[in-house]
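A.B. asks: Have a look at this one before I ask anything.
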Amino acid sequence: MKGSVIRDKRSGNWRISIYWESERYLIYSHPVTRDPFVTKNIALKHLAIIQGEIDQGIFQPKAWLPDSPLSTRIYATTWAENVDVSEKTKRDYKGVVKNYIIPFFGDKDIRNIRYNDICAFKKYCAKKLMAKGVYNKVGTLKTLLHDAWKNEDIPKVPPFPELQNTKPAIEYLTLDQQMIMIDAIPERHRPIFALGMEYGLRTQEVRAIQKDCIIGGSVLVIKRKFAENKLVETTKTGEKGIRYFELTEYAKEIIKSIEPNLSPFVFVRDDGKPYTNKNLNTIWHEAEQKTGITCKLQNAMRHSLGCQLLDQGENIDLIKDTLGHTNIKMTERYAQRKPVKVTDALEKRRANVIKFEKKK
Numbered sequence: 004m005k006g007s008v009i010r011d012k013r014s015g016n017w018r019i020s021i022y023w024e025s026e027r028y029l030i031y032s033h034p035v036t037r038d039p040f041v042t043k044n045i046a047l048k049h050l051a052i053i054q055g056e057i058d059q060g061i062f063q064p065k066a067w068l069p070d071s072p073l074s075t076r077i078y079a080t081t082w083a084e085n086v087d088v089s090e091k092t093k094r095d096y097k098g099v100v101k102n103y104i105i106p107f108f109g110d111k112d113i114r115n116i117r118y119n120d121i122c123a124f125k126k127y128c129a130k131k132l133m134a135k136g137v138y139n140k141v142g143t144l145k146t147l148l149h150d151a152w153k154n155e156d157i158p159k160v161p162p163f164p165e166l167q168n169t170k171p172a173i174e175y176l177t178l179d180q181q182m183i184m185i186d187a188i189p190e191r192h193r194p195i196f197a198l199g200m201e202y203g204l205r206t207q208e209v210r211a212i213q214k215d216c217i218i219g220g221s222v223l224v225i226k227r228k229f230a231e232n233k234l235v236e237t238t239k240t241g242e243k244g245i246r247y248f249e250l251t252e253y254a255k256e257i258i259k260s261i262e263p264n265l266s267p268f269v270f271v272r273d274d275g276k277p278y279t280n281k282n283l284n285t286i287w288h289e290a291e292q293k294t295g296i297t298c299k300l301q302n303a304m305r306h307s308l309g310c311q312l313l314d315q316g317e318n319i320d321l322i323k324d325t326l327g328h329t330n331i332k333m334t335e336r337y338a339q340r341k342p343v344k345v346t347d348a349l350e351k352r353r354a355n356v357i358k359f360e361k362k363k
C-alpha cells in the first residue's frame with residue numbers, strides 16, 4: 004500500500020492519496036462526520052488509521068468515500084429494502100431501521116459498532132418500549148449485522164447483551180374442547196378447522212392446501228403458505244419446512260366431507276375463493292361466543308396439538324418434527340402450560356378414532 008497527503012491548491016484543505024489493490028483512491032474527509040482535512044497533521048493522522056485498517060484486514064475504501072454504503076444510515080436502509088423475507092417482516096424491519104436504528108446510530112460506520120454501542124442502543128429502546136419491543140428492535144440490529152458479516156462488509160458480528168423475551172405460558176385446548184368448538188362452527192366451514200387441528204397447522208398453511216397436496220388419497224404435503232394473502236411456494240421455514248403426513252382415518256373423513264369445487268384449493272368459501280385469515284377469525288369468534296370457550300385460533304389449532312401430544316407422553320423430538328419446528332426451544336415452550344389446562348389434559352388425547360361425519 005502506498006499513501007501520501009496532498010494539499011488542494013483551490014480549497015487549501017488536505018487530501019489522502021492511496022493506492023490499494025491496484026487502484027487509486029482520493030479521500031477528502033472524515034469517514035463519518037465528513038469534516039475536511041483542514042491541516043496536514045489531521046490528514047496524516049487519518050492516513051495512519053487507514054494503514055492500521057489495512058494491517059488488520061478490515062480496510063474498505065467505500066467507507067471513506069462520500070455517502071458511504073457502510074454508514075449505518077445508508078447500509079441499514081439498503082438492507083431493509085433488499086432483505087429476502089416476507090413482506091410483513093420487511094415492513095417490520097423498515098420500521099425498526101427508520102424509527103430506531105437510524106435515529107440512534109446515524110452515519111456511524113457500521114464496522115465500528117461495538118458491544119458498548121449495542122448496550123446503549125438497548126437502553127435507548129428500553130426508554131420507549133416494553134421488554135418484547137426491545138427484544139425485537141435489538142434482534143433486528145443483530146440480523147442486520149449478521150447479514151453484513153455474511154456479505155463480508157464487516158469482519159465479525161460484535162457480541163450482544165442478553166435479551167429477555169419472557170413469553171406468556173401457552174394457552175391451549177384439550178381434544179374435547181376442540182370438538183365442542185368444531186360442533187359450534189357452521190358445517191360448511193368445519194373441514195378447514197378440523198384438518199388444521201388434526202395436524203397442528205398454521206392458518207396460513209391450511210388455507211394454502213391445494214389438491215396436488217393430497218397424494219393418492221393417503222398423503223398430505225404441507226408445502227405452501229399465504230403471506231399477506233399472497234400464495235407463496237414455501238412454508239414459513241422454507242424448504243426445510245415442507246412436511247409430509249400420512250392421512251389419519253379422521254383426516255380422510257374430513258377430506259371426504261368437502262363439497263366438490265373447481266378451485267385448485269381444497270378449502271374454499273361459498274364464492275369459490277380460498278379463505279382469508281379474517282374469514283377464519285370471524286367464524287372462530289362466533290363459535291367462541293356460542294360455547295363460552297375462548298382461545299386464540301393459532302393456539303387452538305397449532306399449539307393445542309403440541310401440548311396434547313406432550314400430555315399424552317410423546318417424545319418432544321417427534322412433536323418438533325410434526326410441527327415443523329427448526330429449533331427444539333420452540334417446541335419446549337409447549338411444556339409451559341397454564342395449570343388449569345394441565346388438569347384438563349390428563350385424559351388421553353384420543354382413545355379411539357372420532358369419525359368426522361357430514362350431517363345428512
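Take 4 as the starting number for the sequence shown in the working numbering and just add one per residue. Cβ atoms here follow ideal geometry from the backbone N, Cα and C, with glycine treated the same way.
Nearest-angstrom Cα distance between Arg246 and Arg227?
C.D. replies: Residue 246 sits at position 243 when you count from the first residue of the sequence shown. Residue 227 sits at position 224 when you count from the first residue of the sequence shown. Straight through space, the alpha carbons of Arg227 and Arg246 are spaced by roughly 10 Å.
A.B. asks: Quick check: the Cα distance between Asn119 and Lys125, rounded to an integer number of angstroms?
C.D. replies: Here residue 119 refers to the residue found at position 116 of the sequence shown. Here residue 125 refers to the residue found at position 122 of the sequence shown. Roughly 10 Å separates the two Cα atoms.
A.B. asks: First and last residue of the beta strand (DSSP E) that includes Gly6?
C.D. replies: Indexing the sequence shown from 1 puts residue 6 at position 3. Note, Gly6: beta strand (DSSP E), 5-10.
A.B. asks: Would you please state the rounded distance, in angstroms, between the beta carbons of Ala66 and Pro34? I believe it to be under 8 Å.
C.D. replies: Numbered from 1 along the sequence shown, position 63 holds the residue referred to as residue 66. Numbered from 1 along the sequence shown, position 31 holds the residue referred to as residue 34. Their Cβ separation, rounded to whole angstroms, is 5 Å, which keeps Ala66 and Pro34 in contact under 8 Å.
A.B. asks: How is Tyr253 classed by DSSP in three states: helix, strand or coil?
C.D. replies: Taking the first residue of the sequence shown as position 1, residue 253 is located at position 250. Per DSSP, reduced to three states, the secondary structure at Tyr253 is helical.
A.B. asks: If you follow the alpha helix (DSSP H) that Trp152 is in, where does it begin and where does it stop?
C.D. replies: Reading the sequence shown from its first residue, position 149 is the one you call residue 152. Start and end: 134-153.
A.B. asks: When the Cα of Glu289 is compared with those of Asn139, Glu155, Ile185, Asn102, which residue comes out closest?
C.D. replies: As a working mapping, residue 289 is identified with position 286 in the sequence shown. Measuring from the Cα of Glu289, the nearest candidate turns out to be Ile185.
A.B. asks: For Leu308 and Gly203, what's the separation of their Cα atoms in angstroms?
C.D. replies: Sequence index remark: in the sequence shown, residue 308 carries index 305 (1-based). Sequence index remark: in the sequence shown, residue 203 carries index 200 (1-based). Roughly 5 Å between the two C-alpha positions.
A.B. asks: To which residues of the same chain is Asn282 closer than 8 Å at the C-beta, ignoring the five residues directly before and after it?
C.D. replies: The sequence position of residue 282 within the sequence shown is 279, counting from 1. Here the set comprises Arg272.
A.B. asks: Could you spell out where the alpha helix (DSSP H) holding Val235 opens and where it closes?
C.D. replies: In the sequence shown, the residue the question calls residue 235 occupies position 232. Per DSSP, Val235 belongs to no alpha helix (DSSP H); it is in the beta strand (DSSP E), 233-235.
A.B. asks: Specify the secondary structure class of Val209 as computed by DSSP and reduced to three states.
C.D. replies: If you number the sequence shown from 1, residue 209 lands on position 206. Three-state result, Val209: helix.
A.B. asks: In the structure shown, what three-state DSSP assignment does Arg193 receive?
C.D. replies: Reading the sequence shown from its first residue, position 190 is the one you call residue 193. Of the three classes helix, strand and coil, the one that applies to Arg193 here is helix, per DSSP.
A.B. asks: Are Thr206 and Asn280 closer than 8 Å when you measure CB to CB?
C.D. replies: Translated into positions along the sequence shown, residue 206 becomes position 203. Translated into positions along the sequence shown, residue 280 becomes position 277. In this structure, Thr206 places its C-beta atom within 8 Å of the C-beta atom of Asn280.
A.B. asks: What residue does the beta strand (DSSP E) around Glu26 start on, and which one ends it?
C.D. replies: Here residue 26 is taken as the residue at index 23 of the sequence shown, counted from 1. 26-30 is the span of the beta strand (DSSP E), which, as asked, contains Glu26.
A.B. asks: Can you check which of these residues, Tyr31, Ile183, Phe196, Lys97, is closest to Gln301 by C-alpha distance?
C.D. replies: By 1-based counting over the sequence shown, the position of residue 301 is 298. Checked all of Tyr31, Ile183, Phe196, Lys97; the closest Cα to Gln301 is Phe196.
A.B. asks: Short check: CB of Pro194 to CB of Phe270, under 8 Å?
C.D. replies: Reading the sequence shown from its first residue, position 191 is the one you call residue 194. Reading the sequence shown from its first residue, position 267 is the one you call residue 270. Yes, Cβ-Cβ distance for Pro194 and Phe270 is below 8 Å.
A.B. asks: What three-state label does DSSP hand Tyr175 in the structure shown?
C.D. replies: Locating residue 175 in the sequence shown gives position 172, where the first residue counts as 1. Correct three-state label for Tyr175: coil.
A.B. asks: Going by DSSP, which residues form a beta bridge with Pro277?
C.D. replies: Taking the first residue of the sequence shown as 1, we reach residue 277 at position 274. DSSP, once it has assigned bridges, lists Val271 as partnering Pro277.
A.B. asks: Mapping the DSSP letters down to three states, classify Leu223 as helix, strand or coil.
C.D. replies: What you label residue 223 is simply residue 220 of the sequence shown in a count that begins at 1. If DSSP states are grouped into helix, strand and coil, Leu223 belongs with the strands.
A.B. asks: Would you mind working out which of Leu147, Glu165, Phe163, Pro164 sits nearest Ile157, comparing C-alpha positions?
C.D. replies: In the sequence shown, residue 157 corresponds to position 154, counting from 1. Closest option to Ile157, Cα to Cα, is Leu147.
A.B. asks: Near Phe40, which residues of its chain fall below 6 Å by C-beta distance, leaving aside the five closest residues on each side in sequence?
C.D. replies: Numbered from its first residue, the sequence shown carries residue 40 at position 37. Excluding sequence neighbours, Phe40 sits near Asn16, Trp17, Ala46.
A.B. asks: So what does DSSP say about Lys130, is it helix, strand or coil?
C.D. replies: Stepping through the sequence shown from its first residue, residue 130 is reached at position 127. Here Lys130 sits in coil by DSSP.
A.B. asks: When burial is assigned at 16 or more other CB atoms within 10 Å of the CB, is Lys140 buried or exposed?
C.D. replies: Along the sequence shown, read from residue 1 onward, the residue named residue 140 stands at position 137. Under the 10 Å beta carbon count, Lys140 is surrounded by 16 or more other beta carbons and is classified as buried.
A.B. asks: The alpha helix (DSSP H) with Ala83 in it runs from where to where?
C.D. replies: For the purposes of this step, residue 83 is taken as residue 80 along the sequence shown, with counting starting at 1. Residues 75-85.
A.B. asks: Rounded to a whole number of angstroms, what is the C-alpha to C-alpha distance between Ala229 and Ile19?
C.D. replies: As a first step, residue 229 is located in the sequence shown; it is residue number 226 there, counting from the start. As a first step, residue 19 is located in the sequence shown; it is residue number 16 there, counting from the start. In the sequence under discussion, the amino acid at residue 229 is Phe, which differs from the Ala named in the question. Near 54 Å, if we compare the C-alpha coordinates of Ile19 and Phe229.
A.B. asks: Using the three-state DSSP reduction, which class does Arg18 fall into: helix, strand or coil?
C.D. replies: If you number the sequence shown from 1, residue 18 lands on position 15. Strand.
A.B. asks: Decide if Tyr22 is buried, meaning its Cβ has at least 16 other Cβ atoms within 10 Å, or exposed.
C.D. replies: Sequence index remark: in the sequence shown, residue 22 carries index 19 (1-based). Classification for Tyr22: exposed.
A.B. asks: Look up Lys111 in the DSSP assignment and say whether it is helix, strand or coil.
C.D. replies: Looking up residue 111 in the sequence shown gives position 108. Three-state DSSP puts Lys111 in coil, outside helix and strand.
A.B. asks: Determine the burial state of Arg13: buried for a count of at least 16 other Cβ atoms within 10 Å of its Cβ, exposed for fewer.
C.D. replies: Position 10 of the sequence shown, counted from the start, is the residue given in the question as residue 13. Flag for Arg13 reads exposed.
A.B. asks: Over what stretch of residues does the beta strand (DSSP E) that includes Ala230 continue unbroken?
C.D. replies: Within the sequence shown, the letter at position 227 stands for residue 230. 228-230 is the span of the beta strand (DSSP E), which, as asked, contains Ala230.
A.B. asks: Using only alpha-carbon positions, find the residue among Glu291, Leu326, Glu190 that is nearest to Ile261.
C.D. replies: Taking the sequence shown and counting its residues from 1, the one referred to as residue 261 is at position 258. Among Glu291, Leu326, Glu190, the Cα nearest to that of Ile261 belongs to Glu190.
A.B. asks: Under the three-state reduction of DSSP, which class applies to Pro64: helix, strand or coil?
C.D. replies: As a working note, residue 64 is residue 61 in the sequence shown. For Pro64, the secondary structure class from DSSP, reduced to helix, strand or coil, is helix.
A.B. asks: Taking the continuous alpha helix (DSSP H) assigned at Glu56, which residues delimit it?
C.D. replies: Position 53 of the sequence shown, counting from 1, holds the residue named residue 56. Start and end: 43-59.
A.B. asks: Is the distance from the Cβ of Ile296 to the Cβ of Gln180 below 8 Å?
C.D. replies: Here residue 296 is taken as the residue at index 293 of the sequence shown, counted from 1. Here residue 180 is taken as the residue at index 177 of the sequence shown, counted from 1. Closer than 8 Å, so yes.
A.B. asks: Can you round the beta-carbon distance between Glu317 and Glu90 to whole angstroms, since I take them to be within the 8 Å contact cut?
C.D. replies: Here residue 317 refers to the residue found at position 314 when the sequence shown is read from its first residue. Here residue 90 refers to the residue found at position 87 when the sequence shown is read from its first residue. Not confirmed; about 36 Å, so no contact.
A.B. asks: Where does Phe2 sit, in a helix, a strand or coil, going by DSSP?
C.D. replies: Residue numbering for the chain in the displayed model covers 4 to 363; residue 2 lies beyond these limits and cannot be assessed.
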